[in-house]
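A short worksheet on the structure shown next.
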């Protein structure tokens, strides 16, 4: 499915599938033929079972816009807890998470996924003692992925756009780009999505279509994720900002809350259809 020049995709984890067959059926029910695929569970499967699941995917004809990497132990119960536990930043988890990343990268290469999406963690402010180690860890991951012919899509949310841009400039790795998630900016209280798109534009290579409303205490308490098109992102201005910066890549619908995710994603697709960018 193509809308306004974008390939429309869905994030596999949003659909909470129990098998590849169930995932394929749900994706096809949405009328799309692209998805961003969570890779951790597949990478850890017994080989025969994994190959059976991958055969199901191949037979479906569904194409990947990339793979997704996450880690056990990431605690999203509060912004404070995910700041301490997320991504590549926690010292005590770095060794294990580096190995998991290598396993996922190997599978992503096998699938010709092209890219891996990850929350790299809360990057400390420039000048903080933890800033340089964070740069070096993400650089190590970037080089690991480059060796497999992959790029890294760092997901937005934790840092204000200006801090993320500074980090990207200091990192200066040719295979590191941004997966822009407008809802995360609102959920974390990290700033307004539209100005962030305009600041980060040339680095954005993948986008999540996700929506949210802000909390009364931004940056301290979570905002609320809502179906795409019903929150504070503003579909038309969001699509118009992407057009303004020349973004023509995928829009992957993501829904991580609610008890009717398939219906919410279908409604999100309709919201994209009905909002022609200026």
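In UniProt numbering, the protein residues as written are 1 to 278.
Backbone N, C-alpha and C fix where the C-beta goes; we use that ideal spot for every residue, glycine too.
Selected residue, minimal CA-CA separation from residue i, among the options
i           : options               : result
residue 182 : 140, 136, 255 and 147 : 255
residue 73  : 82, 245 and 65        : 82
residue 271 : 32, 209, 135 and 278  : 209
residue 19  : 158, 162 and 53       : 53
residue 86  : 65, 27 and 159        : 159
residue 5   : 231, 96, 251 and 115  : 251
residue 41  : 75, 100 and 77        : 100
residue 222 : 230, 75, 137 and 195  : 75
residue 291 : 241, 269, 219 and 275 : The first residue shown for the chain is 1 and the last is 278, placing residue 291 beyond what the model contains.
residue 179 : 195, 275 and 151      : 151
residue 167 : 191, 238 and 125      : 125
residue 278 : 1, 122, 243 and 46    : 243
residue 134 : 127, 146 and 123      : 123
Nearest-angstrom beta carbon gap, residue j and residue i [assumed within contact, 8 Å]
i           : j           : result
residue 119 : residue 155 : 5 Å
residue 186 : residue 237 : Wrong, their Cβ atoms sit about 14 Å apart, outside the cutoff.
residue 201 : residue 138 : Wrong, their Cβ atoms sit about 21 Å apart, outside the cutoff.
Bounding residues of the beta strand (DSSP E) (the contiguous stretch that carries residue i)
i           : result
residue 279 : What is shown of the chain runs 1 to 278, which leaves residue 279 out entirely.
residue 85  : Unbroken run through residue 85 is the alpha helix (DSSP H), 79–85; no beta strand (DSSP E).
residue 180 : 176–180
residue 9   : 6–11
residue 38  : 34–38
residue 68  : 63–69
Cβ-based neighbour list, residue i, same chain, cut-off 8 Å, excluding 5 preceding and 5 following
i           : result
residue 102 : 144
residue 64  : 34, 35, 36, 37, 111, 112, 113 and 114
residue 69  : 39, 40, 100, 101, 104, 116, 117 and 118
residue 67  : 36, 37, 38, 39, 104, 107, 108, 111, 113, 115, 116 and 117
N-terminal and C-terminal residue of the alpha helix (DSSP H) that residue i is part of
i           : result
residue 236 : 235–244
residue 273 : 261–274
residue 106 : 94–110
residue 197 : 193–200
residue 115 : From DSSP, residue 115 is part of no alpha helix (DSSP H) but of the beta strand (DSSP E) over 115–118.
residue 30  : Residue 30 -> no alpha helix (DSSP H), and no H or E assigned at all.
Sequence-distant residues of its chain with Cβ nearer than 7 Å to residue i (five each side left out)
i           : result
residue 265 : 10, 14, 30, 253 and 255
residue 142 : 152, 173, 175 and 176
Residues sharing a beta bridge with residue i, DSSP
i           : result
residue 208 : 252
residue 155 : 179
residue 213 : 224
Close-in-space but distant-in-sequence residues of the same chain around residue i (CB under 6 Å, 5 per side omitted)
i           : result
residue 231 : 211, 212 and 213
residue 60  : 24
Any non-hydrogen atom of the ligand PLP closer than 8 Å to residue i Cβ
i           : result
residue 139 : Among the components of this structure there are no ligands whatsoever, and the ligand PLP is therefore not found.
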